[in-house]
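Number of protein chains: 2
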Amino acid sequence: MSAEAVTEVWLDRIAAIDPSLRSFIHHAPEQVRALAAVAPKGPLAGVPFGIKDVIETADMPTGYGSSAYPGWQPCRDAPVVHLARQAGAVVMGKTVSTEFATAAPGATVNPFDAARTPGGSSSGTAAALGAGLILMGLGTQTSGSTIRPAAYCGVAAMKPSPKLIETFGVKALSQTLDVVGPMARDMRDLALLVSVCMRRPELAPDELVPEEKLPLKPMGLFLPVHDPVADFSPLERAASVLASVTTQAVPGWFEGLGAAQDEVFAWEASASLSTDRDLHWDKLLPETHAFMKRQQKGTFALWQAGIAARDHALADLDTLFGKADFLLTPSAPGEAPVGHARTGPATYNIRWTLLGCPTVTIPAGLGPAGMPVGVQLVARPGQDALLLRQAAAVEDVLRAAGIEARPQQMS
Amino acid sequence: MSAEAVTEVWLDRIAAIDPSLRSFIHHAPEQVRALAAVAPKGPLAGVPFGIKDVIETADMPTGYGSSAYPGWQPCRDAPVVHLARQAGAVVMGKTVSTEFATAAPGATVNPFDAARTPGGSSSGTAAALGAGLILMGLGTQTSGSTIRPAAYCGVAAMKPSPKLIETFGVKALSQTLDVVGPMARDMRDLALLVSVCMRRPELAPDELVPEEKLPLKPMGLFLPVHDPVADFSPLERAASVLASVTTQAVPGWFEGLGAAQDEVFAWEASASLSTDRDLHWDKLLPETHAFMKRQQKGTFALWQAGIAARDHALADLDTLFGKADFLLTPSAPGEAPVGHARTGPATYNIRWTLLGCPTVTIPAGLGPAGMPVGVQLVARPGQDALLLRQAAAVEDVLRAAGIEARPQQMS
Chain V
330 MSAEAVTEVW LDRIAAIDPS LRSFIHHAPE QVRALAAVAP KGPLAGVPFG
380 IKDVIETADM PTGYGSSAYP GWQPCRDAPV VHLARQAGAV VMGKTVSTEF
430 ATAAPGATVN PFDAARTPGG SSSGTAAALG AGLILMGLGT QTSGSTIRPA
480 AYCGVAAMKP SPKLIETFGV KALSQTLDVV GPMARDMRDL ALLVSVCMRR
530 PELAPDELVP EEKLPLKPMG LFLPVHDPVA DFSPLERAAS VLASVTTQAV
580 PGWFEGLGAA QDEVFAWEAS ASLSTDRDLH WDKLLPETHA FMKRQQKGTF
630 ALWQAGIAAR DHALADLDTL FGKADFLLTP SAPGEAPVGH ARTGPATYNI
680 RWTLLGCPTV TIPAGLGPAG MPVGVQLVAR PGQDALLLRQ AAAVEDVLRA
730 AGIEARPQQM S
Chain R
330 MSAEAVTEVW LDRIAAIDPS LRSFIHHAPE QVRALAAVAP KGPLAGVPFG
380 IKDVIETADM PTGYGSSAYP GWQPCRDAPV VHLARQAGAV VMGKTVSTEF
430 ATAAPGATVN PFDAARTPGG SSSGTAAALG AGLILMGLGT QTSGSTIRPA
480 AYCGVAAMKP SPKLIETFGV KALSQTLDVV GPMARDMRDL ALLVSVCMRR
530 PELAPDELVP EEKLPLKPMG LFLPVHDPVA DFSPLERAAS VLASVTTQAV
580 PGWFEGLGAA QDEVFAWEAS ASLSTDRDLH WDKLLPETHA FMKRQQKGTF
630 ALWQAGIAAR DHALADLDTL FGKADFLLTP SAPGEAPVGH ARTGPATYNI
680 RWTLLGCPTV TIPAGLGPAG MPVGVQLVAR PGQDALLLRQ AAAVEDVLRA
730 AGIEARPQQM S
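Taken in sequence, the protein lines are chains V and R. If you want the working numbering, it's the 1-based position in the first sequence plus 329. If you want the working numbering, it's the 1-based position in the second sequence plus 329.
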């Protein structure tokens, strides 16, 4: 098939499915055709790609998930978008975000069940991937905004260590916590995308040893939080087929990192969103109002205490990881909840975001309600390359055992 | 005098002096009058204020010091600009920056000698302060772009610890290094501005004990680098009148932090500037081309080594600071150099920027050529409040000894 014909297949698919999925906030077929006609060759050549609406683009409006800046058109692509385009990606459009990547959901539904949330804040990229409308895309994460929606929609995603992917041109919430989150359909596609976003060709799957020889290194099974409503059966199923998984004890200080993350977020977001809050309050959604009121209760002293708790934990990482380089934990407390008023809890994500630990969510089959579930693999800060390799090995084992989320053919 | 009358005095001053100083890249008197008429009351009420052109403003074009984005008009103020305006500051205009805050100088001259550089990259804010066209303003620093021009222009400035002032809406160079640098005419004005930018009222001078009771704590005199052309006499003069200054030995690892800063900067800037470089190359200045070519030689491995060198140093801070909480060092190797092709070396700034140590430059009289000089006071990361207090005490002692840069009456 010619490149033009391939593009038409993707456009037809979006035209058929997105009216009910609502994963795109901006999608213009003529623009996509023009972009596909000139997309350069490269590791992502021709890959249909989605960009979360909080990430700036020079040729598509960027609304930050809000109606505060209608039709706003930035003057340049965020560098991470530019890197993907230079590698050949074809941007199909801007994907739905919660307002300013915080609490107020957009219109997107879950591709596996339209009655359920796709998760958020990177709702559109996750749903478009889960429905097979794109093959790769970008989200962002400050609490659990990349890992959780990816798990809910049956796709792969990474929250990298801070500083490894450029964040300029991304609407900021927290200088300490914000990262760009690459998202894809499986771990090998994800590694390829991450290699482009990080400018590290050695992370690409071609550079990995052949599939059957990927070594599976020891992992600690980590069930950290008292959470009587969580369903750990998908994690236990995955762990049961993975060799060398041993239960890792939870340090006493781990639980408190949740409040620490919340306070770091609150104090920084009350600055980063100050302009929007003070000048555009009447245009913002009620959930955003509630979010902003909460953030404004943050104080510098609580921020300092949160940073101190993080630094204390980082000095004790050996206790957290034990003898393993990786921890295996839930990506979310369960399957995507029914309803669209909320995007689900970030309980199993916020502490890793605070610590700067890279994490991935690996598709791990379906849960009791038939919805996709993921398992989250965590590594020490900066060990992003090791993590991607281990995650590919984990995915291989899960697939060999029949544990995978089948691509959804939404109609 | 009425607020309107005060505004006219400032406007007259700019009209008289800026045609030769060239510190503003955007200044529209009618706009200033309109802003002054509605500026809220607050700690900065009515303060004439300058914003470096790499910081986005909703009502004034933001060119990032470049001709790549002519007349570009962002949709909102950077949060740090919003905080200053909410505190009552009256923005007189956008001040000249080197292109993208890197190497290519703008048109600004030094207010003490038009044949000399004002320093950079925050050239316009420093020069406008030194000439008395504004009372406060904002710069940025990735290497030495706030401290050095402030010292060259005889004014006070701070490079804060990372994360304490929001950087969203500021053109990025390096996620690790970039900070917003508040600038003012003296240490008490500077503390007031920092208190607004950091949202920490306790840093304001009103909260300091009365001048005569500010305690002067021990400082280490720190002359770190082999630099045969540097002139340390201004620093020695300042140290001679300050009690409790003892020479602090330089750790063996300190020198190498310069190369480490350079490699961290190179790898991150080759991403942050990628869009500008790849799509607007022909519009950029020759010095920017040279800068970008240098940055593109950066590698991830060298970035990792630079971060490791920083972390090694941070683990050995007690050796660096000895028994003192503060180090006293040059702000720059000497007075502002003659000529406008370069903005002067950042030799004495880059290592503190890498370490995340907060620093201030304190006006310290005139040098041998009659140009202003500053001394740089450095504290441990996060000790910004302590640093501001000590700097005010140092400034008091220097002034009592007649060591100060007289305001320049440029004509």
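We treat Cβ as the ideally placed atom computed from N, Cα and C, and that holds for glycine. Everything numeric in this text was worked out from a predicted model, so none of it was measured.
{"Query": "Could you check whether the Cβ of residue 733 of chain R sits closer than 9 angstroms to any Cβ belonging to chain V?", "Result": "no"}
{"Query": "Measure the CB-CB distance between residue 716 of chain R and residue 707 of chain R and report whether it falls below 9 angstroms.", "Result": "yes"}
{"Query": "Please decide whether residue 686 of chain V counts as near chain R, where near means a Cβ-Cβ distance under 9 angstroms.", "Result": "no"}
{"Query": "Given this structure, state the Cα-to-Cα distance separating residue 691 of chain R from residue 481 of chain R, to the nearest angstrom.", "Result": "11 angstroms"}
{"Query": "Does the beta carbon of residue 412 of chain R sit closer than 9 angstroms to a beta carbon anywhere in chain V?", "Result": "yes"}
{"Query": "Given residue 586 of chain V, which residues of its chain have a CB within under 8 angstroms of its CB, disregarding the five upstream and five downstream residues?", "Result": "638, 639, 642, 679, 680, 683 and 684"}
{"Query": "To which residues of the same chain is residue 358 of chain R closer than 6 angstroms at the C-beta, ignoring the five residues directly before and after it?", "Result": "340"}
{"Query": "Is there a Cβ from chain R that is less than 9 angstroms from the Cβ of residue 331 of chain V?", "Result": "no"}
{"Query": "When the distance is taken between beta carbons, is residue 485 of chain R closer than 9 angstroms to residue 513 of chain R?", "Result": "yes"}
{"Query": "Just by C-beta distance, which residues in the region 385-412 of chain V are closer than 7 angstroms to chain R?", "Result": "398, 401, 404, 405, 406, 408, 411 and 412"}
{"Query": "Roughly how many angstroms separate the alpha carbons of residue 337 of chain V and residue 441 of chain V, rounded to a whole number?", "Result": "24 angstroms"}
{"Query": "Excluding the 5 residues preceding and the 5 following residue 549 of chain R in the sequence, name in chain order all residues of the same chain whose CB lies nearer than 6 angstroms to its CB.", "Result": "577, 651, 653 and 656"}
{"Query": "With distances taken Cα to Cα, identify the nearest neighbour of residue 350 of chain V among V/695, V/673 and V/452.", "Result": "V/452"}
{"Query": "Here's the rule I'm using: 16 or more other beta-carbon atoms within 10 Å means buried, otherwise exposed. How should residue 622 of chain R be labelled?", "Result": "exposed"}
{"Query": "Go ahead and pull the three-state DSSP assignment for residue 442 of chain R.", "Result": "strand"}
{"Query": "Looking at the secondary structure, which residues open and close the alpha helix (DSSP H) in which residue 336 of chain R lies?", "Result": "332-350"}
{"Query": "Find the residues of chain R that neighbour residue 529 of chain V, judging by a C-beta separation of less than 7 angstroms, and give them in chain order.", "Result": "629"}
{"Query": "Rounded to a whole number of angstroms, what is the C-alpha to C-alpha distance between residue 420 of chain V and residue 355 of chain V?", "Result": "11 angstroms"}
{"Query": "Using 8 angstroms as the threshold, is the region 494-514 of chain R in touch with the region 596-613 of chain V, meaning 3 or more CB pairs across them?", "Result": "yes"}
{"Query": "Which bits of chain V does residue 501 of chain R rub up against, with CB to CB less than 9 angstroms?", "Result": "408, 495, 496, 497 and 498"}
{"Query": "Counting pairs of beta carbons, one from the region 550-569 of chain V and one from the region 451-471 of chain V, are three or more of them closer than 8 angstroms?", "Result": "no"}
{"Query": "What does a CB cutoff of less than 8 angstroms around residue 503 of chain R pick up in its chain, not counting 5 residues either side in sequence?", "Result": "471, 593, 594, 597, 598 and 601"}
{"Query": "Taking Cβ-Cβ distances shorter than 7 angstroms, what residues in chain V pair up with residue 603 of chain R?", "Result": "408, 411 and 412"}
{"Query": "Is residue 335 of chain V closer than 9 angstroms to residue 380 of chain V when the C-beta atoms are compared?", "Result": "no"}
{"Query": "Can you tell me the Cα-Cα spacing of residue 628 of chain R and residue 509 of chain V, whole angstroms?", "Result": "21 angstroms"}
{"Query": "I need the DSSP call for residue 683 of chain R, collapsed to helix, strand or coil.", "Result": "helix"}
{"Query": "Please work out which residues of its chain come closer than 6 angstroms, Cβ to Cβ, to residue 672 of chain V, disregarding the five sequence neighbours upstream and downstream, and give them in chain order.", "Result": "434, 446, 448 and 449"}
{"Query": "With 9 angstroms as the threshold, decide whether the Cβ of residue 510 of chain V is near any Cβ in chain R.", "Result": "no"}
{"Query": "Can you list, in chain order, the residues of its chain with a C-beta nearer than 8 angstroms to that of residue 299 of chain V? Leave out the 5 residues immediately preceding and following it.", "Result": "Residue 299 of chain V is absent from the structure shown; chain V starts at 330 and stops at 740."}
{"Query": "Which residue's Cα is closest to the Cα of residue 352 of chain V: V/462, V/415 and V/384?", "Result": "V/462"}
{"Query": "Under 8 angstroms Cβ-Cβ, which residues of chain V neighbour residue 347 of chain R?", "Result": "Simply none; closest approach about 27 angstroms."}
{"Query": "Relative to the alpha-carbon of residue 581 of chain R, which residue among R/575, R/605, R/552 and R/574 has its alpha-carbon at the smallest distance?", "Result": "R/552"}
{"Query": "Compute the distance between the beta-carbons of residue 437 of chain V and residue 620 of chain V, then report whether it is under 9 angstroms.", "Result": "no"}
{"Query": "For chain V, check one thing: does any of its Cβ atoms lie closer than 9 angstroms to the Cβ of residue 608 of chain R?", "Result": "yes"}
{"Query": "In terms of residue numbering, what span does the alpha helix (DSSP H) encompassing residue 587 of chain V cover?", "Result": "586-601"}
{"Query": "Where does residue 353 of chain V sit, in a helix, a strand or coil, going by DSSP?", "Result": "strand"}
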